[in-house]
Amino acid sequence: MARYAISDIHGCIKTFNSLLDKIALTKNDTLFLLGDYIDRGNNSKDVIDKILNLKTEGFDVQCLLGNHEWLLLNAAYERGYKDNWLSRNGGIATLESYGIIAEDYLNYIPESHLHFFKSLQYFIELDDYYLVHAGFNFKDEDPFGDYHSMIWIRDWYKHIKISLLGDKKIVHGHTPRSIVSLREDVASGKKVVFDIDCGCVYKGRSFGGHLASLNLDTLEIIGQENIED
Numbered sequence: 011m012a013r014y015a016i017s018d019i020h021g022c023i024k025t026f027n028s029l030l031d032k033i034a035l036t037k038n039d040t041l042f043l044l045g046d047y048i049d050r051g052n053n054s055k056d057v058i059d060k061i062l063n064l065k066t067e068g069f070d071v072q073c074l075l076g077n078h079e080w081l082l083l084n085a086a087y088e089r090g091y092k093d094n095w096l097s098r099n100g101g102i103a104t105l106e107s108y109g110i111i112a113e114d115y116l117n118y119i120p121e122s123h124l125h126f127f128k129s130l131q132y133f134i135e136l137d138d139y140y141l142v143h144a145g146f147n148f149k150d151e152d153p154f155g156d157y158h159s160m161i162w163i164r165d166w167y168k169h170i171k172i173s174l175l176g177d178k179k180i181v182h183g184h185t186p187r188s189i190v191s192l193r194e195d196v197a198s199g200k201k202v203v204f205d206i207d208c209g210c211v212y213k214g215r216s217f218g219g220h221l222a223s224l225n226l227d228t229l230e231i232i233g234q235e236n237i238e239d
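Here it is in structure tokens:
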């Protein structure tokens, strides 16, 4: 029985499938997915299909909300969000993966996918970890109640209140970094926060190009280089 965390797949279905093959996920394991399954990459629909199929087949897959899923759900109702999503955050690639060009795109996304997006959690608390997409706002009186920050925050490490964590560590995504630097963080043995977004969709860039899995029990990192077309 193992626990794995993966974040920021961003429509990279071939890379996701290959990483799952490397992990050799079983039905006794738990797979935590930390959000941003969609946008930027070309196969967002296929990624959601894969996640739902894993669940249907009896795998224990627990999923968090990312800012990109939030944008998809909210862009339908706010013009400003829609422009931001489509032009700056790769939403056009997601709609194309569904074969959609309509303004009322939510009416054309499969109901099972909409239900999935709407059911996503903001964070998960385990006995030894907090799992979240972006992070926590420790400047807030209740960092575990600031849901907006959980999917959007950056540059928050300097405000962490260790006293609120107890013996727990935090695993998150959202901010891309190199897989080399992730391995260095884990190897140091001193970190209580691990950013596992290794910028899968940013193929060929120094800060990305890998999808990473972190074994929450052993801290083993399994990486897969982007193999999308």
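Basically the working numbering = 1-based index in the sequence shown + 10.
Quick reminder that beta carbons are idealized off the backbone N, C-alpha and C, glycines included.
Suppose you measure from the CA of Asp46 to the CA of Leu174; what does that come to, to the nearest Å? Their Cα atoms are separated by approximately 26 Å.
Is it right to say Val202 is buried, meaning 16 or more other beta carbons lie within 10 angstroms of its own, or is it exposed? When all chains shown are included, Val202 counts as exposed.
So Lys178 and Phe148 are in contact, right, with Cβ under 8 Å, and what is the actual spacing, rounded? Between Phe148 and Lys178 the Cβ distance is about 13 Å, and since that is not below 8 Å, they are no contact.
Name the DSSP beta bridge partners of Phe133, please? Answer by DSSP bridge pairing, in chain order: Val142.
To the nearest whole angstrom, what separates the beta carbons of Phe26 and Lys60, a pair I think is in contact under 8 Å? Their Cβ separation, rounded to whole angstroms, is 7 Å, which keeps Phe26 and Lys60 in contact under 8 Å.
For Ile16, three-class secondary structure by DSSP: The answer is strand: DSSP assigns Ile16 an E or B state.
Would you give the residue range spanned by the beta strand (DSSP E) that Phe42 belongs to? Run containing Phe42: 40-43, per the beta strand (DSSP E) assignment.
Which word fits His158, buried or exposed, when buried means at least 16 other C-beta atoms lie within 10 angstroms of its C-beta? A residue is called buried when at least 16 other Cβ atoms come within 10 angstroms of its Cβ; His158 does not meet this threshold and is exposed.
Checking 7 Å against the spacing of the C-beta atoms, do Glu238 and His220 come in under that value? Cβ distance not < 7 Å, so Glu238 and His220 don't count as in contact.
Counting pairs of beta carbons, one from the stretch 16-31 and one from the stretch 204-215, are three or more of them closer than 8 Å? In short, these stretches touch, since the Cβ pair count reaches three.
With DSSP run on the structure shown, which of helix, strand or coil describes His123? If DSSP states are grouped into helix, strand and coil, His123 belongs with the helices.
Using a threshold of 7 Å, state whether the C-beta atoms of Ile48 and His78 are closer than that. Yes, the pair counts as a contact, with Cβ atoms nearer than the cut-off.
Starting from the Cα of Gln72, find the closest Cα among Ile163, Asn53, Leu41 and give me that residue. For the residues Ile163, Asn53, Leu41, the minimum Cα distance to Gln72 belongs to Leu41.
Rank Glu67, Glu230, Ile33, Ser216 by C-alpha distance to the C-alpha of Ser249 and give the top, closest one. Residue 249 lies beyond the residue range present for the chain, which begins at 11 and ends at 239; the question has no answer from this structure.
Would you give the residue range spanned by the alpha helix (DSSP H) that Ile180 belongs to? Careful: Ile180 lies outside any alpha helix (DSSP H), inside the beta strand (DSSP E) at 179-182.
Measure the Cβ-Cβ separation of Gly214 and Leu44 and say whether it is below 7 Å. Their beta carbons are not under 7 Å apart, which means Gly214 does not touch Leu44 by this criterion.
So does the stretch 83-98 actually touch the stretch 138-155, counting three or more Cβ pairs closer than 8 Å? Result no; under three Cβ-Cβ pairs closer than 8 Å.
Could you check the C-alpha separation between Leu192 and Lys168 for me, to the nearest Å? Between Leu192 and Lys168, the C-alpha separation is close to 18 Å.
Start-end ranges of the alpha helix (DSSP H) lying completely within the stretch 52-133, minimum 4 residues: Scanning the stretch 52-133 for uninterrupted alpha helix (DSSP H) segments of 4 residues or longer gives 54-66, 77-85, 89-98, 101-107, 121-129, listed from N- to C-terminal end.
If you scan the stretch 202-235 from start to end, which runs of the beta strand (DSSP E) of 3 or more residues do you find wholly inside it? Entirely contained in the stretch 202-235, the beta strand (DSSP E) runs reaching 3 residues are, in chain order, 203-205, 220-225, 231-235.
I'd like the list of long-range same chain contacts for Ala112, defined as Cβ closer than 8 Å, with 5 residues on each side in sequence excluded. The residues are Tyr118.
Can the beta-carbon of Arg13 be found less than 7 Å from the beta-carbon of Leu226? Closer than 7 Å, so yes.
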